[in-house]
Amino acid sequence: MAYDYPAKSLDIQGRLMMLGLQPRHLMMIGGFVAAYGLFETTLERALWTLSEQPIDGVRPFTEKMSAEAQFKMLGAGNAKLSEKANLVLEVGAKAARDLSEYRNSLVHGYLVPSGPGSAPSFMKNPHWYGASGRTKAVGDAFLDDPIQDLILIAAWNLFGLVGKVEKVFSDPDAHLAIEDMKDDIRRASSFASEARHLRSLMNHEKY
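Residue numbers for the sequence shown follow numbering that gives the first Met the number 0, beginning at 0 and rising by one.
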């Protein structure tokens with residue numbers, strides 16, 4: 000008898016839903032992971048452009064860089080860009096750091112069930128099972144509305160930014176296009192920061 004993979008897939012989806020991950024959660028997680036992947040891979044090419052170093056026939060220098068080092072390089076910009084454009088890149092780098100932390104919590108974290116009517120969340124590096132000596136910071140990825148919308152927008156805006164950076168020395172319109180993304184990137188930074196720090200924000204009386 001042939002293996003019924005569609006039925007098995009539906010069974011697994013049902014089990015995920017029993018854990019609190021509803022179809023919208025799963026769809027938005029997939030959308031975010033795809034958008035973040037587009038940002039991440041385009042970021043590498045953007046850094047090649049900013050470095051003004053040819054990579055033909057050589058190992059790309061970005062292969063040896065951590066994510067934090069890549070974000071730092073993005074934020075440093077390039078002396079040939081305007082002050083306004085470099086400021087957009089600086090804000091974009093901050094957004095990328097926060098979004099990367101959320102992404103890591105989402106894909107590497109423990110699934111934390113929630114009560115009825117609430118979405119589950121993910122937590123990385125919890126001090127559970129006696130692991131109180133961890134040196135890595137705890138991180139959360141909440142799925143409650145509107146967080147999933149916010150992180151998807153943030154990832155897509157960052158993808159748009161690095162796509163323009165990649166072409167900044169070959170497309171005469173790219174330089175001004177980066178400057179024009181100021182509001183989108185500030186929004187991305189705000190959204191990513193809220194998503195990353197939601198636990199502490201929820202404990203603040205003004206949130």
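No residue lacks a Cβ here, since even glycine has one placed at the ideal position from N, Cα and C. These numbers were taken from a predicted model, which means no experiment stands behind them.
By the CB criterion at 8 Å, D148 and S104 fall outside the cutoff. I146 is positioned such that its CB atom lies no closer than 8 Å to that of A78. Within the stretch 79 to 163, the runs of alpha helix (DSSP H) at least 4 residues long that lie entirely inside it are, in chain order, 82 to 107. The straight-line gap separating the alpha-carbon atoms of F60 and A75 is approximately 16 Å.
For Q69, same chain residues with a beta-carbon under 7 Å away, outside a window of 5 residues either side, are L42, L46, T61 in chain order. The DSSP-derived three-state label of I11 is helix.
Counting along the chain, S189 sits inside the alpha helix (DSSP H) bounded by residues 181 to 195. Counting along the chain, the unbroken alpha helix (DSSP H) around K71 starts and ends at 66 to 75. Across the set S50, L98, L142, A153, the C-alpha of L98 shows the shortest separation from the C-alpha of A66. Non-local C-beta neighbours of W155 in its own chain, meaning closer than 7 Å and more than five positions away in sequence, comprise A34, ordered along the chain.
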